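I have placed the structure first, in the form of structure tokens, so that the comments after it can refer back to it.
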């Protein structure tokens, strides 16, 4: 039996002829719908280059500016401890008292020896003077006069030695009062009262100087290399002699009131961390900061030259990279939003800007004169969507 397909072919051809005009009509109406779509209200900023502050924020650890082991310089029985553990003390304050009596006796003995040396010197000077007159009269021999003169020289030497011995005895008496070498906070005692201490070999206690306090942090080799390259190409100016201004950010996000500066940078790279160590010093008069505390440190003082920056809110991420929307004209002369991929650098803070305080440095992807959308990005549903640029924002010199 033969089957005929002619009616089926006719039906398909008829269906195509009917549907084709509808499809063509829909395609021709798409641009019209885009033109008729209500433009999204947005605000923009016109890109201008400017000098911008360059800030680095890093984790850091605090340590005392001086950590001192307190030891006795002389031996003796430890008679008293003159501080409380954890107490703040001033430089020169007495911390321990070693039995003073033996050292006071040594001072008295040295003083007596000094008095004797002075008397001997007076006697020998009289002898020299007297024998000098007799020698002129040839009543004594030259030998007697020379002996008297030598005795006078010896007396002078003995007097000088007696003065040194007295000073040494007085120093030992002073050392029997173990005093704080710096101002700071006392640690716990390691030797109790009544113990015999043999001198510097025995650790009595430890103390830490809190004011000023040191901030230690590391800067990665990659970051240092990038900064050197930026300095070389003229886009970054660093503080003179590396004296970065430093400020501490506490755990609650607040900034510590005092500021300091970097005073040390190690030229070596730690092979375990890939960083080199830096140190800053900051005043700590109220002891609010403590050694061992973890903080974040902000380094300021460098300047980005002729930088392009945009508010952080304007930079979006689509999963493959960061981009911003820029305003452009389409074929019909309408303002539309087009995505522009950008390469970002570090965050830049401008606290005096009333509308935007946090910005991204744009390394590439934008140029002067570009109109970047900074508000209304959520109203943009697809690339090329029409936009209506609003009036310039009152609080930003760049927004419009």
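In the working numbering, the protein residues as written are 4 to 403.
The beta-carbon is built from N, C-alpha and C at its ideal position, and this holds for glycine as well.
Keep in mind it's a predicted model, so treat the numbers as computed, not measured.
In summary, residue 67 is buried, with 16 or more beta-carbon neighbours lying within 10 Å of its beta-carbon over all protein chains present. When DSSP reads this structure, residue 112 sits in no beta bridge, so it has no partner. For the stretch 216–284, the full-length alpha helix (DSSP H) segments reaching 4 residues or more read 224–235 along the chain. Per DSSP, reduced to three states, the secondary structure at residue 127 is helical. Distance between residue 175 and residue 209, taken at the CA atoms: about 22 angstroms. Positions of the beta strand (DSSP E) runs, each at least 3 residues long and wholly inside the stretch 51–109, are given as 53–74, 79–84, 97–101 in order along the chain. In the same chain as residue 162, and ignoring 5 residues on each side of it, the C-beta atoms closer than 7 angstroms to its own belong to 120, 121, 124, in chain order. Each residue's CA atom was taken as its position, placing residue 137 and residue 156 some 20 angstroms apart. CA-to-CA, the gap between residue 204 and residue 217 works out to about 29 angstroms.
Residue 369: not part of any beta strand (DSSP E); DSSP gives it neither H nor E.
Cβ-Cβ distances below 6 angstroms link residue 182 to 95, 97 in the same chain, with the five nearest sequence neighbours on each side left out; the list follows chain order.
With at least 16 other beta carbons inside 10 angstroms of its own, residue 110 counts as buried.
Taking the Cα of residue 199 as reference, the smallest distance to any Cα among 380, 61, 82 is reached at 82. Taking 4 residues as the shortest admissible run, the stretch 141–194 contains the following complete alpha helix (DSSP H) segments, listed from N- to C-terminal end: 145–178. At the C-beta level, residue 226 and residue 249 stay beyond 8 angstroms of one another. Nearest Cα to residue 267 within the set 117, 387, 221, 261: 221. Taken through DSSP and simplified to helix, strand or coil, residue 293 comes out as coil. The criterion of a C-beta distance shorter than 8 angstroms is satisfied by residue 307 and residue 55. Taking C-alpha positions only, residue 211 is separated from residue 251 by approximately 20 angstroms. In this structure, the beta-carbon distance from residue 185 to residue 347 does not fall below 8 angstroms. At least 8 angstroms separates the beta-carbon of residue 319 from that of residue 387. Per DSSP, the continuous beta strand (DSSP E) segment holding residue 312 begins and ends at 312–314. Out of 351, 312, 390, 297, the CA that lies nearest to the CA of residue 332 is found in 390.
Between residue 368 and residue 46, the gap from beta carbon to beta carbon reaches 8 angstroms or more. If you check the CB distance, residue 51 and residue 371 come in under 8 angstroms. The beta carbon of residue 279 sits closer than 8 angstroms to those of 221, 222, 224, 227, 268, 269, 270, 271, 272, 273, all from its chain and outside the five residues before and after it, given in chain order.
Taking 8 angstroms as the cut-off, the beta carbon of residue 88 is found closer than this to the beta carbon of residue 190. When secondary structure is reduced to three states using DSSP, residue 337 falls in the coil class, being assigned neither helix nor strand. Residue state for residue 135 is assigned as helix, using DSSP reduced to three classes. A check of alpha carbon separations from residue 193 across 73, 60, 53 identifies 73 as the nearest.
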